[in-house]
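*Asks:* Residue numbers (the numbering used here): 24 to 329.
Just dropping this structure here.
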């Protein structure tokens, strides 16, 4: 197995370990929110619980997708199966959109009909929601940190989803204060705020997944050019391209090399590839070298590909 494939396999195991940990945390949050939401008769809290449930579902979907995405390249998929990750992000966005529709429809019906049931939040309701907020903040921090370190599009998308859960819970807590004062109409209004927050999060996840599927640049091209030109043997940079992240990241550079010596060219390309890997965490780096002044009669004339 190539070093890059080994790195991808290790990253997959690490991502799945993160997802299993988050699944436990999210299930605890769902149970707590659902219990106090049912006890208080609050649509906003129950909607927040449903939102947290999609976090747990996303974790399960992610475990399967990440495992499938880490399969080594084969004849039909020579670049591997990493594109399954942004497809998983599409699943996240779809679930968030469906949730927004269901909560929004119920809240609008309650407001339109004027049948707003009284909500009776207790100190336990507030305590549970604050506890859930703290857990969600930890989940966002942990998942974003792991997503950036491991180059996982799915973890980053799921962290954005959970961040919308944080905003939702903050809104629900603010609404509970009003409900405590007897403003029962505030419950479906806060539920609509929940819908807006979840919908915005779904849009962000969707656009990020589209960028991944369309191979948006992983690294600023000027930064790669500047790094390559640090080597005195590099005369010019003709082309740079990059896509993906981490173990599933690719970078390609075409450089003009000062010498025709094959060993020196190979050593230079190896050095630059390692610099790029360390600087940007991209596993797959390919450098194509062209001579600055090819001599037609020289035994090593012509371009050197490494």
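Don't be surprised by glycine CBs; every beta carbon is placed ideally from N, CA and C.
(1) Could you tell me the distance, in whole angstroms, from the CA atom of residue 96 to the CA atom of residue 108?
(2) Would DSSP call residue 100 helix, strand or coil?
(3) Below 8 Å on the Cβ atoms is my guess for residue 86 versus residue 133; work out the distance and round it to an integer in Å.
(4) Distance, Cα to Cα, residue 46 vs residue 203?
(5) What first and last residue would you give for the alpha helix (DSSP H) that runs through residue 192?
(6) Out of curiosity, what's the CA-to-CA distance linking residue 83 and residue 111?
(7) How big is the Cα-Cα spacing for residue 210 and residue 160?
(8) Less than 8 Å between the CB atoms is what I'm expecting for residue 279 and residue 225, so what's the real figure, rounded?
(9) What is the DSSP secondary structure of residue 65, counted as helix, strand or coil?
(10) Nearest to residue 296 by alpha carbon, out of 251, 62 and 115?
(11) Kindly identify the DSSP beta-bridge partner or partners of residue 310.
(12) Please state whether DSSP places residue 318 in a helix, a strand or coil.
(13) Hey, could you find the ends of the alpha helix (DSSP H) residue 235 is sitting in?
(14) Beta carbon of residue 49, beta carbon of residue 65: below 8 Å?
(15) Between residue 218 and the rest of its own chain, which residues show a CB-CB distance below 6 Å, the 5 nearest in sequence each way excluded?
(16) Between the Cα of residue 205 and those of 145, 175, 235 and 181, spot the shortest distance and give me the residue it belongs to.
(17) Please work out which residues of its chain come closer than 7 Å, Cβ to Cβ, to residue 53, disregarding the five sequence neighbours upstream and downstream, and give them in chain order.
(18) Any idea if residue 255 is buried or exposed, counting beta-carbon neighbours within 10 angstroms, 16 or more meaning buried?
*Replies:* Quick answer:
(1) Distance between the alpha carbons of residue 96 and residue 108 is about 15 Å.
(2) In the three-state reduction of the DSSP assignment, residue 100 falls in the coil class.
(3) For residue 86 against residue 133, the beta-carbon gap comes to about 37 Å, at or over 8 Å, which does not count as contact.
(4) Distance between the alpha carbons of residue 46 and residue 203: 32 Å.
(5) For residue 192, the enclosing alpha helix (DSSP H) has its first and last residue at 176-203.
(6) Rounded to the nearest angstrom, the two C-alpha atoms are 11 Å apart.
(7) Going from the Cα of residue 210 to the Cα of residue 160 covers about 23 Å.
(8) Approximately 46 Å separates the beta-carbon atoms of residue 279 and residue 225; this is outside 8 Å, ruling out the contact.
(9) Here residue 65 sits in coil by DSSP.
(10) Nearest C-alpha to residue 296: 251.
(11) Answer is 276.
(12) Because residue 318 sits at a pLDDT of 46, beneath the cut-off of 50, its placement in the model cannot be relied upon, and the following sentence gives the value as read from the coordinates. When secondary structure is reduced to three states using DSSP, residue 318 falls in the coil class, being assigned neither helix nor strand.
(13) Counting along the chain, the alpha helix (DSSP H) containing residue 235 begins and ends at 209-236.
(14) The Cβ atoms of residue 49 and residue 65 lie no closer than 8 Å to each other.
(15) Within its own chain, the residues whose Cβ lies closer than 6 Å to the Cβ of residue 218, once the five positions on either side in sequence are excluded, are 123, 126 and 127, listed in chain order.
(16) The residue with the shortest Cα to Cα distance from residue 205 is 145.
(17) Closer than 7 Å at the Cβ level, and outside the excluded window around residue 53, lie 72, 75, 76 and 79.
(18) Counting other Cβ atoms within 10 Å of its Cβ, residue 255 stays below 16 and is therefore classed as exposed.
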